[in-house]
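Student: Below you will find the structure I want to go over with you.
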Ligand code: PEP
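Numbering (the numbering used here), first residue to last: 1 to 253.
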């Protein structure tokens, strides 16, 4: 059975006190959840990772992700963070290729492929993000863009390593805009992604990989999105920073 995942990307937000209170509130709400294949992932800013790892230790279905990592092992890269640093404090996952990293920090598919390799070499689970811009969607390039990002960023992996990934489809036009892809629009792209994976690695790999949708997911629309056949949960920004709202999203898994 595929894992159903609610991942909260806190981005560059929250004070320390707000972060502890948010994590605590979500953990409390998730405590009574009995869905065995449901998982929660927190992706706080770097200064908060250690403490959130400590808090999350109370539930073995809660994990902590870095929001990024550097592709090199270590060295003179001021301000960057390495895979070994993340694992050394108990972080298990890492977001790679978020559209904000692609857009504002010039991260190309080639750089992201190297980041995925580095993460996997350290046993981190990459949450690899792909997604088209509004312009690309309106010019009919949705499938082409997602296919290219998927293949250039991750199809160099062998089946064993590819199976370790979580893929997040995040249409750029839906991130932080309040505009959500309709369940049918999201399902259409998810089904295409799963069939591309099947074409490359076979049905066995495609059937077990979790595909998350991201883009203005909230408690009110999560159930309909997550009920789609190929949508296995969400990567959530804004709504993940309100404990009650995120708990509502988790309940929809
Ligand atoms: C995100 O940043 O990955 C995201 C999906 O943000 P939001 O939920 O705010 O659209």
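Ideal Cβ positions, reconstructed from N, Cα and C, are used throughout, including at glycine. Just so it is clear, the structure is predicted and the values come from calculations on it, not from any experiment.
1. Beta carbon of residue 140: closer than 8 Å to some heavy atom of ligand 1?
2. I think residue 66 touches residue 91, with their Cβ atoms under 8 Å apart; what is that distance to the nearest whole Å?
3. Residue 9 bridges to which residues according to DSSP?
4. Mind checking whether residue 260 and residue 64 have CB atoms under 9 Å apart?
5. Under three-state DSSP, which class holds residue 181?
6. Between residue 113 and residue 154, how many whole angstroms is the CB-CB distance? I'm expecting something under 8 Å.
7. Measuring only the C-alpha atoms, how far is residue 50 from residue 89?
8. Quick one: grab the DSSP three-state call for residue 3.
9. Kindly examine ligand 1 and report whether one of its heavy atoms sits closer than 8 Å to the Cβ of residue 25.
10. Taking the alpha carbon of residue 35 as the point to measure from, which residue in 14, 47, 3 and 16 has its own alpha carbon closest?
11. Any contact of the region 17–35 with the region 208–224, i.e. 3+ C-beta pairs under 8 Å?
12. Is it the case that the CB of residue 197 approaches a heavy atom of ligand 1 more closely than 8 Å?
13. What is the rounded straight-line gap between the Cα of residue 11 and the Cα of residue 183?
14. Let me make sure I understand the geometry here. Which of 144, 197, 147 and 137 has the alpha-carbon closest to that of residue 185?
15. Quick check on the burial criterion: 16 or more other C-beta atoms within 10 angstroms. Buried or exposed for residue 104?
16. Along the beta strand (DSSP E) that carries residue 249, what are the first and last residues, could you check?
17. Counting only runs of 3+ residues fully inside the region 31–109, write out the beta strand (DSSP E) ranges in chain order.
18. Using the beta-carbon count (16 or more within 10 Å), is residue 47 buried or exposed?
19. One question on the structure: do residue 97 and residue 240 come within less than 9 Å of each other, judged by their Cβ atoms?
20. I'd like to know whether the C-beta atoms of residue 116 and residue 170 end up nearer to each other than 9 Å.
21. Out of 179, 211 and 175, which one is the CA nearest neighbour of residue 276?
22. Just checking: is the beta-carbon of residue 65 within a distance shorter than 9 Å of some beta-carbon in chain C?
23. Give the list of continuous alpha helix (DSSP H) stretches no shorter than 4 residues that lie fully inside the region 155–220.
Tutor: This is what the structure holds:
1. Incorrect: residue 140 has no Cβ contact closer than 8 Å to ligand 1.
2. Residue 66 to residue 91, Cβ: 6 Å. Contact.
3. DSSP lists 43 as partners of residue 9.
4. Outside the shown range of the chain (1 to 253) lies residue 260, about which nothing can therefore be said.
5. Note: residue 181 maps to coil in three-state DSSP.
6. That pair is a contact at about 7 Å.
7. Residue 89 has its alpha-carbon roughly 6 Å from the corresponding atom of residue 50.
8. In the three-state DSSP reduction, residue 3 falls in the coil class, being neither helix nor strand.
9. Outside the cutoff, so no.
10. That would be 3, whose Cα lies nearest to the Cα of residue 35.
11. At 8 Å Cβ cutoff, the stretches do not touch.
12. Look at residue 197: its beta carbon is at least 8 Å from all of the heavy atoms in ligand 1.
13. About 25 Å.
14. Measuring C-alpha to C-alpha distances from residue 185 to each of 144, 197, 147 and 137 identifies 137 as the nearest.
15. With a 10 Å radius around the Cβ and a threshold of 16 neighbouring Cβ atoms, residue 104 comes out exposed.
16. No beta strand (DSSP E) holds residue 249; the alpha helix (DSSP H) holding it covers 243–251.
17. With a minimum length of 3 residues, the continuous beta strand (DSSP E) runs that stay inside the region 31–109 are 38–43, 62–66 and 93–96.
18. Flag for residue 47 reads exposed.
19. Cβ atoms of residue 97 and residue 240: not closer than 9 Å.
20. At the C-beta level, residue 116 and residue 170 stay beyond 9 Å of one another.
21. In the structure as shown, the chain starts at 1 and stops at 253, and residue 276 therefore has no counterpart that could be examined.
22. Checking the listed chains, one finds no chain C in this structure; it contains a single protein chain.
23. As summarised for the region 155–220, the continuous alpha helix (DSSP H) elements at least 4 residues long and confined to that stretch are 159–162, 183–201 and 203–208, given in chain order.
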